[in-house]
Amino acid sequence: MKTLATLIRLAFLGLFIFLVVQGKPMLWLVLYVIGLITTFLFGRYYCGYICPMNTIMRPIDWLAKKLGTQTKTTPRFLESGKFTWFTLFASLAVVLVIRRVAERQFPVLVVWLVLAALITLRYRPAVFHNLICPFSAPLKLVGNYSRNSQYVIPEDCIGCGKCIKPCPSNAITIPKGSRVAQIETNICHQCQDCRAVCPENAIKYGSTG
Numbered sequence: 217m218k219t220l221a222t223l224i225r226l227a228f229l230g231l232f233i234f235l236v237v238q239g240k241p242m243l244w245l246v247l248y249v250i251g252l253i254t255t256f257l258f259g260r261y262y263c264g265y266i267c268p269m270n271t272i273m274r275p276i277d278w279l280a281k282k283l284g285t286q287t288k289t290t291p292r293f294l295e296s297g298k299f300t301w302f303t304l305f306a307s308l309a310v311v312l313v314i315r316r317v318a319e320r321q322f323p324v325l326v327v328w329l330v331l332a333a334l335i336t337l338r339y340r341p342a343v344f345h346n347l348i349c350p351f352s353a354p355l356k357l358v359g360n361y362s363r364n365s366q367y368v369i370p371e372d373c374i375g376c377g378k379c380i381k382p383c384p385s386n387a388i389t390i391p392k393g394s395r396v397a398q399i400e401t402n403i404c405h406q407c408q409d410c411r412a413v414c415p416e417n418a419i420k421y422g423s424t425g
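In this note's numbering, the protein residues as written are 217 to 425.
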């Protein structure tokens, strides 16, 4: 499954690069909108498999850990979680202004791809995914109402916590006083990295209702 997931991510990254080379990166927003709408049914699979930023961030995260450049701290001004809405509206404003004034397209998607890579060199992926990425704000909002997502089977979970570390968005926690892991649906990327390390096969995908 891990190999298949990697191939899917690389295929979409290749499509993104192709659109950029063709001078049509804004067409990518069509895929994003489809991913956003269908998040209501399938969870945030766009982030886990389609988003080129996530695909780039994965090897960058590995490299940053090897180099020891990452910090476990989070900038205090990001802690409220509202900054993603600021980056979203700021990005839209820049695109519209440049189109109106300079009569040209601003490569906002490429810029954010570069920023995602640079930020991941310093901070854990969850900082960008949850607190900075402009595209995560709408996805998180719709994700609150996802009908399907990864979830933990309480009677099978042994509370070992092995699923917490590989989660790129810090969607998994074990509440204080509990021995059962919980997955926060609205930030879960549906990537199944947690399932790959669960010794009891206690994580499944299905209805959240």
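The beta-carbon is built from N, C-alpha and C at its ideal position, and this holds for glycine as well.
Computed from a predicted model, the values in this text were never measured in an experiment.
Next item on the list: Could you check which residue in Leu347, Ile335, Arg315 and Leu312 has the C-alpha nearest to that of Phe302?
Entry: Walking along the sequence shown from the start, residue 302 turns up at place 86. Ranking the options by Cα distance to Phe302, first place goes to Leu347.
Next item on the list: Please check if any C-beta of chain D sits within less than 7 Å of the C-beta of Arg395.
Entry: Here chain D cannot be found, since the structure has a single protein chain.
Notebook entry, point to check: Can you tell me whether Asn402 is buried or exposed, with buried defined as 16 or more other CB within 10 angstroms of its CB?
Noted result: Walking along the sequence shown from the start, residue 402 turns up at place 186. Buried.
Next item on the list: Would you kindly check if the distance between the Cβ of Leu229 and the Cβ of Pro268 is under 7 Å?
Entry: Your numbering for residue 268 matches position 52 in the sequence shown. Your numbering for residue 229 matches position 13 in the sequence shown. A contact, by the Cβ cut-off of 7 Å.
Next item on the list: State the Cα-Cα distance for the pair Gln321 and Pro350, rounded to the nearest angstrom.
Entry: Counting from one through the sequence shown, the residue named residue 321 turns up at place 105. Counting from one through the sequence shown, the residue named residue 350 turns up at place 134. C-alpha separation (whole angstroms): 18 Å.
Note to self: For a quick check, are the C-beta atoms of Pro354 and Leu252 less than 7 Å apart?
What the structure shows: Locating residue 354 in the sequence shown gives position 138, where the first residue counts as 1. Locating residue 252 in the sequence shown gives position 36, where the first residue counts as 1. A contact, by the Cβ cut-off of 7 Å.
Item checked: Phe256 versus Val249: straight-line alpha-carbon distance, rounded -> On the sequence shown, position 40 is the one that residue 256 refers to. On the sequence shown, position 33 is the one that residue 249 refers to. Between Phe256 and Val249, the C-alpha separation is close to 12 Å.
Note to self: I'd like to know whether the C-beta atoms of Thr222 and Met273 end up nearer to each other than 7 Å.
What the structure shows: Taking the sequence shown and counting its residues from 1, one reaches residue 222 at position 6. Taking the sequence shown and counting its residues from 1, one reaches residue 273 at position 57. Against a cut-off of 7 Å, the Cβ pair of Met273 and Thr222 comes out as no contact.
Notebook entry, point to check: Can you give the Cα-Cα distance for Gln286 and Val310, rounded to whole angstroms?
Noted result: Walking along the sequence shown from the start, residue 286 turns up at place 70. Walking along the sequence shown from the start, residue 310 turns up at place 94. Distance between the alpha carbons of Gln286 and Val310 is about 30 Å.
Notebook entry, point to check: What three-state label does DSSP hand Asn364 in the structure shown?
Noted result: Counting from one through the sequence shown, the residue named residue 364 turns up at place 148. Here Asn364 sits in strand by DSSP.
Checklist line | Among Val343, Phe293 and Val327, the one whose alpha carbon lies nearest that of Asp277 | finding: The residue you call residue 277 lines up with position 61 of the sequence shown. Considering only alpha carbons, the answer is Val343.
Notebook entry, point to check: Can you name, in chain order, every residue of its own chain whose Cβ lies under 8 Å from the Cβ of Ser423, other than the five neighbours on each side?
Noted result: Locating residue 423 in the sequence shown gives position 207, where the first residue counts as 1. The residues are Arg363 and Asn364.
Note to self: Report the CB separation of Ser307 from Val324 in whole angstroms; it is logged as a contact under 8 Å.
What the structure shows: The residue given as residue 307 occupies position 91 in the sequence shown. The residue given as residue 324 occupies position 108 in the sequence shown. Indeed, because the Cβ distance is near 5 Å, the residues count as touching under 8 Å.
Next item on the list: Could you check what DSSP says for Thr290 in three-state terms: helix, strand or coil?
Entry: What you label residue 290 is simply residue 74 of the sequence shown in a count that begins at 1. Residue state, collapsed to three classes: coil.
Note to self: Given this structure, state the Cα-to-Cα distance separating Lys298 from His345, to the nearest angstrom.
What the structure shows: On the sequence shown, residue 298 is found 82 positions in, with the first residue counted as 1. On the sequence shown, residue 345 is found 129 positions in, with the first residue counted as 1. For Lys298 and His345, the distance between alpha carbons rounds to 13 Å.
Note to self: Using a 10 Å radius around the Cβ and a threshold of 16 neighbouring Cβ atoms, would you call Gly359 buried or exposed?
What the structure shows: Reading the sequence shown from its first residue, position 143 is the one you call residue 359. It is buried - the Cβ of Gly359 has at least 16 other Cβ atoms within 10 Å.
Item checked: Reduced DSSP category for Thr389 - H, G, I as helix; E, B as strand; rest coil -> Against the sequence shown, residue 389 aligns to sequence position 173. It is a strand residue.
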